[in-house]
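Enquirer:
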Amino acid sequence: MAFLPQVDIRRNILDVTRRLLIEQGTTRLSIRMIAREVGCSVGTIYVYFENKDVLIHALIEEGFDKLVEMQEQTEKAVSDPLQRLSALCRNYIRFAMQNPEYYEIMFMLKPERMARYPAEKYRKARRSLEIIAAALEQCGAKGLMSVAEPYMEAHLIWAFMHGIVSLIGVKRIDHRFAEAEITEAAIQRIIEMNLKEKERS
197 MAFLPQVDIR RNILDVTRRL LIEQGTTRLS IRMIAREVGC SVGTIYVYFE NKDVLIHALI
257 EEGFDKLVEM QEQTEKAVSD PLQRLSALCR NYIRFAMQNP EYYEIMFMLK PERMARYPAE
317 KYRKARRSLE IIAAALEQCG AKGLMSVAEP YMEAHLIWAF MHGIVSLIGV KRIDHRFAEA
377 EITEAAIQRI IEMNLKEKER S
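According to our numbering, the sequence shown is numbered sequentially starting from 197.
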């Protein structure tokens, strides 16, 4: 019998848990169920993860690591704040479309009996919003937009994008609109709404 390297066992545990979380939810999911799907003992799971909550939190952290890495690359690559804001919105929607399981675990998983996400990890997760807020703040500083509270505005943009992503995910968008068409229109509307706010001020 071939033995997987430790890194592969941990990766396999995470991948299986990610799938089972979507299928079963947090309440029905158990370490025993994960072990059975992975093909290892319950004790092996505990070697890598203290409990189910730690395992779920590791998946949430992985997802945010992927999203934040995309946003930080754009933050460095795009100097114009207005173009950067568009690119950041596009990144967010692309991430959600390309990583539906991570996205659901990060933003749509009902916590039920799950332990609260640790504060230090939440601060790290908040980085994706801070990058959007920074772009908004720079747009305001350059007179491109009127942005009184960039971090609050970043939350509103996030809510707008989450709505689009969620509706696409459950196929509630009119089939006459292509996904690429509706997402690009959403990004343009986000920018236009902020520009119009500048015109009204």
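The beta-carbon is built from N, C-alpha and C at its ideal position, and this holds for glycine as well.
Going along the chain, which residues of its own chain have a beta-carbon closer than 6 Å to the beta-carbon of Leu263, five neighbours each way excluded?
Expert: Counting from one through the sequence shown, the residue named residue 263 turns up at place 67. Here the set comprises Phe291 and Ser324.
Enquirer: Pick helix, strand or coil for Pro296, following the three-state DSSP scheme.
Expert: For the purposes of this step, residue 296 is taken as the residue at position 100 of the sequence shown. Pro296: helix per DSSP, three-state reduction.
Enquirer: Helix, strand or coil: which one does DSSP assign to Asn247?
Expert: Residue 247 sits at position 51 when you count from the first residue of the sequence shown. It is coil, neither helix nor strand.
Enquirer: Run the CB neighbour count on Ala311, radius 10 Å, all protein chains shown included, and call it buried at 16 or more, exposed below.
Expert: Locating residue 311 in the sequence shown gives position 115, counting from the first residue. Ala311 should be labelled exposed.
Enquirer: Ile328: which of Leu251, Leu217 and Ser282 sits nearest, CA to CA?
Expert: The sequence position of residue 328 within the sequence shown is 132, counting from 1. Out of Leu251, Leu217 and Ser282, Ser282 has the C-alpha closest to the C-alpha of Ile328.
Enquirer: Mapping DSSP to helix, strand and coil, what is Met310?
Expert: Sequence index remark: in the sequence shown, residue 310 carries index 114 (1-based). Of the three classes helix, strand and coil, the one that applies to Met310 here is coil, per DSSP.
Enquirer: Where do the N-terminal and C-terminal ends of the alpha helix (DSSP H) with Lys317 fall, by residue?
Expert: Residue numbering aside, residue 317 sits at position 121 when the sequence shown is read from its first letter. Counting along the chain, the alpha helix (DSSP H) containing Lys317 begins and ends at Ala315 to Ala321.
Enquirer: Considering Leu340, what are the terminal residues of the alpha helix (DSSP H) in which it resides?
Expert: Counted from its first residue, the sequence shown places residue 340 at position 144. First-last for Leu340: undefined, no H or E at that position.
Enquirer: Distance check for Leu225 and Gln279, CA to CA, integer angstroms please.
Expert: By one-based count along the sequence shown, residue 279 stands at place 83. By one-based count along the sequence shown, residue 225 stands at place 29. In a straight line, the C-alpha of Gln279 is about 42 Å away from that of Leu225.
Enquirer: Can we count Asp211 as close to the ligand MN, meaning its CB is less than 6 Å from some heavy atom?
Expert: With respect to small molecules bound, the structure shown includes none, and the ligand MN cannot be examined in it.
Enquirer: In this structure, does DSSP put Leu225 in helix, strand or coil?
Expert: Translated into the one-based positions of the sequence shown, residue 225 becomes position 29. Coil, per DSSP.
Enquirer: Excluding the 5 residues flanking Tyr299 on each side, which residues of the same chain have their C-beta closer than 6 Å to its C-beta?
Expert: Within the sequence shown, the letter at position 103 stands for residue 299. Excluding residues within five positions, the ones whose Cβ falls inside 6 Å are Ala292.
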